[in-house]
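Novice:
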Amino acid sequence: MSKPEQSSGALLAARIGLFLGPLLLLACIASEPPAGLSREAWLTAGLIGLMATWWATEAIPIPATALLPIPMIPLLGIGTIQQATSPYANPTIFLFLGGFLLGLGMQRWNLHKRMALRTLIAVGNQPARQVGGFMLATALVAMWVSNTATAIMMLPIGLSVISMLTQRGDEREHERFATALLLGIAYAASIGGIATLIGTPPNALLAAYLRENHDVHIGFGQWMLIGVPVSSCMLVFTWWWLTRGGFELEGGDSRAMLRQELAELGNWSAGEKRVALVFGCTAMAWVTQPLLSQYVTALDDTLIAMIGAMALFLIPAQREGSTRVLLMDWNTANKVPWGILILFGGGLSLAGTITTTGLAGWIGEGLQGIGSLPLVLIIGVVVLTINMLTEITSNTATAAAFLPLVGALAVSQGLAPELLAIPAAIIASCAFMMPVATPPNALVFGTGLMRIQSMIKAGFVINLYSVVLVTLLCYLLIGIIWSH
511 MSKPEQSSGA
521 LLAARIGLFL
531 GPLLLLACIA
541 SEPPAGLSRE
551 AWLTAGLIGL
561 MATWWATEAI
571 PIPATALLPI
581 PMIPLLGIGT
591 IQQATSPYAN
601 PTIFLFLGGF
611 LLGLGMQRWN
621 LHKRMALRTL
631 IAVGNQPARQ
641 VGGFMLATAL
651 VAMWVSNTAT
661 AIMMLPIGLS
671 VISMLTQRGD
681 EREHERFATA
691 LLLGIAYAAS
701 IGGIATLIGT
711 PPNALLAAYL
721 RENHDVHIGF
731 GQWMLIGVPV
741 SSCMLVFTWW
751 WLTRGGFELE
761 GGDSRAMLRQ
771 ELAELGNWSA
781 GEKRVALVFG
791 CTAMAWVTQP
801 LLSQYVTALD
811 DTLIAMIGAM
821 ALFLIPAQRE
831 GSTRVLLMDW
841 NTANKVPWGI
851 LILFGGGLSL
861 AGTITTTGLA
871 GWIGEGLQGI
881 GSLPLVLIIG
891 VVVLTINMLT
901 EITSNTATAA
911 AFLPLVGALA
921 VSQGLAPELL
931 AIPAAIIASC
941 AFMMPVATPP
951 NALVFGTGLM
961 RIQSMIKAGF
971 VINLYSVVLV
981 TLLCYLLIGI
991 IWSH
């Protein structure tokens, strides 16, 4: 996902990475492969070095790096142009496209804002409960809308509440409350996305990788059996950690302001009602897909997503004169983050080449030593490693680079690939320490109402909790949910 504006240090890293990446590839081209590794696999390792370096340093835009497999795989002789390009049309990419369009439909008719305001009004006026309400509303919206768009929507509402509740009293209490509320919005935007397959790019990338390379199919409802517990436990702990000790505030009634904002939305428009209907039907179909597919055998999550998205272009919302206004127009649809879809394709193309050239098997054999550890510790090592990396790199790029490696590690140990790939994808969305870790973190830090030390201190503890939680829940649940 996109990052905030680069600092001077990040610009230097980008310049270094721009030259370092090709040097890694050239080193592989000019040298002989290690014993037991084919020439094709060694060249694939060089391509991984190039792409991983450019992804990590953002030497060029992340989606642009994801296009490298298309020219490089044929040029290096490690695959055909057909093999390089076909992953860019993987069905899971269209699942995410449909999810993006549904989210944009909600935004176009302000359904997401009404959902958020209703939730906030329901939780009450006590400061700690207000923080919890903001986190719950943010997480619910982020299950279906990108974390960046969700944070952008919730931030102005949060700033209004902060202004109202910090008019009188202790300045230190004001800062504590503002920090808790802002961090709650940022963190909940990332946590909510874990709950659904379309909530965050690493989830969909995982589903596509397992389907393409290991013939493991993850259904939308099936994912929620693990995504919702992880997301719920993360949300509750994060709220408790941010609000522990309570707040001593003497501000006004924030619910009055929230009711005013809700009143400004007016009554439900026809467009809003119809988007809600399409969204509700699509979500219900995703959850009940295993049952529905008994009657319509071709029905899968991707087909459901595209039917829901296409319905938006067909159903009228209202009339303006003699013109019918549809629930979705192309100007709105053009706001789809196409770069994310390209990044999916690039990650899958690279993953496929890692498998077909034998590099995955060779890596797996080289990691045999870790097999002496208990399974829960193997999962923990993978989760901790990716958690540290995702603080400084894009979560999607991290998932794209590491899913093939952890999949190969699992297979080499005789384990089901989802035992390591699923926790790797989930933890890629758990970056809470640094402003540059996620766009929501950067947005709330940019308000100037909090110190970076506050984010690091709170995020460090939540990161540790996420590592333990994801490790244990995945260890306990994956074998049950994905039983073979």
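First residue of the sequence shown: 511, per the working numbering; consecutive thereafter.
We put the CB at the ideal spot given by N, CA and C, even for glycine.
Kindly indicate the opening and closing residues of the alpha helix (DSSP H) around Thr833.
Specialist: No alpha helix (DSSP H) holds Thr833; the beta strand (DSSP E) holding it covers 833 to 836.
Novice: Can you look up Pro945 in the DSSP assignment and give me helix, strand or coil?
Specialist: Three-state DSSP puts Pro945 in coil, outside helix and strand.
Novice: Three or more C-beta pairs closer than 8 Å, one from the stretch 583 to 598 and one from the stretch 816 to 824: is that the case here?
Specialist: At 8 Å Cβ cutoff, the stretches do not touch.
Novice: Assuming Ala1001 contacts Asn713 (C-beta within less than 8 Å), just tell me the rounded distance between them.
Specialist: The structure shown does not extend to residue 1001, since the chain spans only 511 to 994, so no value can be given for it.
Novice: Kindly indicate which three-state DSSP category Pro826 falls into: helix, strand or coil?
Specialist: Pro826: strand per DSSP, three-state reduction.
Novice: Whose C-alpha, out of Leu987, Met965, Met960, Pro571, is nearest the C-alpha of Ala682?
Specialist: A small fix is needed here, since residue 682 is Arg in this sequence, not Ala. Answer by Cα proximity: Met960.
Novice: Do Val641 and Gly694 have their C-beta atoms closer together than 7 Å?
Specialist: Cβ atoms of Val641 and Gly694: closer than 7 Å.
Novice: Where in the stretch 533 to 573 do unbroken runs of the alpha helix (DSSP H), each at least 4 residues long, occur, reported from the N-terminal end onward?
Specialist: Qualifying alpha helix (DSSP H) stretches, in chain order: 549 to 567.
Novice: By DSSP, does Asp839 sit in helix, in strand, or in coil?
Specialist: Asp839: coil per DSSP, three-state reduction.
Novice: Got a sec? Which residues, its chain only, sit under 8 Å from Ala931 by beta carbon, not counting five neighbours each side?
Specialist: Correct list, in chain order: Leu716, Tyr719, Leu720, Leu913, Val916, Gly917, Ala920.
Novice: With a 10 Å radius around its C-beta and 16 neighbouring C-beta atoms as the bar for buried, classify Leu535 as buried or exposed.
Specialist: Flag for Leu535 reads buried.
Novice: Going by other Cβ atoms of all chains shown within 10 Å of its Cβ, with 16 needed for buried, is Met1005 buried or exposed?
Specialist: The structure shown has nothing for residue 1005, since the chain only spans 511 to 994.
Novice: Is DSSP giving Gln923 helix, strand or coil here?
Specialist: Three-state result, Gln923: coil.
Novice: Is the number of C-beta pairs between the stretch 740 to 754 and the stretch 645 to 661 that are closer than 8 Å three or more?
Specialist: Cβ pair count under 8 Å is three or more, so yes.
Novice: Which class does Ile962 belong to by DSSP, given the choice of helix, strand or coil?
Specialist: It is helical.
Novice: Would Thr554 and Leu530 qualify as a contact pair, given that the criterion is a beta-carbon distance under 7 Å?
Specialist: Result no, Cβ atoms of Thr554 and Leu530 do not sit closer than 7 Å.
Novice: Less than 7 Å separating the beta-carbons of Arg618 and Thr807?
Specialist: No, Cβ-Cβ distance for Arg618 and Thr807 is not below 7 Å.
Novice: Less than 7 Å separating the beta-carbons of Ala938 and Asn973?
Specialist: Not a contact, by the Cβ cut-off of 7 Å.
Novice: Alpha carbon to alpha carbon, how far is Leu929 from Ile988? Give it in angstroms, no decimals.
Specialist: If you take the alpha carbons of Ile988 and Leu929, they lie about 6 Å apart.
Novice: Inspect the beta-carbon positions of Leu702 and Val797 and report whether they are closer than 7 Å.
Specialist: Sequence inspection shows Gly at residue 702; the Leu mentioned does not correspond to that position. Their beta carbons are not under 7 Å apart, which means Gly702 does not touch Val797 by this criterion.
Novice: In the stretch 634 to 699, which residue ranges form an unbroken beta strand (DSSP E) of at least 3 residues, counting only runs that do not cross its ends?
Specialist: For the stretch 634 to 699, not a single whole beta strand (DSSP E) run of length 3 or above is found.
Novice: Can you find the residues in the same chain that come closer than 7 Å, C-beta to C-beta, to His727, ignoring five residues on each side of it along the sequence?
Specialist: Excluding residues within five positions, the ones whose Cβ falls inside 7 Å are Arg721.
Novice: Figure out for me which residue from Pro532, Leu614, Met561, Ile539 has the closest Cα to the Cα of Trp840.
Specialist: Checked all of Pro532, Leu614, Met561, Ile539; the closest Cα to Trp840 is Leu614.
Novice: Is it a yes or a no for the stretch 591 to 608 touching the stretch 627 to 639, going by three-plus beta-carbon pairs under 8 Å?
Specialist: In short, these stretches do not touch, since the Cβ pair count stays below three.
Novice: Closest by CA to Ile570, which one among Val954, Gly849, Ala909, Thr867?
Specialist: Nearest of Val954, Gly849, Ala909, Thr867 to Ile570, Cα basis: Gly849.
Novice: Can you tell me the Cβ-Cβ gap for Pro579 and Gly856, rounded? I've got them flagged as a contact below 8 Å.
Specialist: Confirmed, Cβ separation roughly 6 Å.
Novice: Give me the Cα-Cα distance between His684 and Ile817, rounded to the nearest whole angstrom.
Specialist: When rounded, the distance between both Cα atoms is 48 Å.
Novice: Between which two residues does the alpha helix (DSSP H) holding Ala938 run?
Specialist: Looking at the DSSP string, Ala938 is not in any alpha helix (DSSP H), and its letter there is neither H nor E.
Novice: Express the C-alpha separation of Thr658 and Phe687 in angstroms, rounding to a whole number.
Specialist: Computed Cα separation, rounded: 22 Å.
Novice: Within its chain, find whatever has a CB closer than 6 Å to the CB of Thr895; leave out the 5 residues flanking it on each side and keep chain order.
Specialist: Taken in chain order, the list of residues that qualify is empty.
Novice: Just how far apart, CA to CA, sit Ala524 and Trp565?
Specialist: The straight-line gap from Cα to Cα measures roughly 9 Å.
Novice: Between Ala910, Ile708, Val835, which has its C-alpha nearest Pro597's C-alpha?
Specialist: With distances taken between Cα atoms, Pro597 lies closest to Ala910.
Novice: To the nearest whole angstrom, what separates the beta carbons of Leu665 and Val954, a pair I think is in contact under 8 Å?
Specialist: Indeed they touch by this definition, with Cβ atoms about 7 Å apart.
Novice: When the Cα atoms are used, what is the spatial distance from Ala698 to Pro884?
Specialist: Answer to the nearest angstrom: the Cα atoms are 32 Å apart.
Novice: State yes or no: is the C-beta of Leu813 within less than 7 Å of the C-beta of Leu802?
Specialist: No, these two residues do not count as a Cβ contact at 7 Å.
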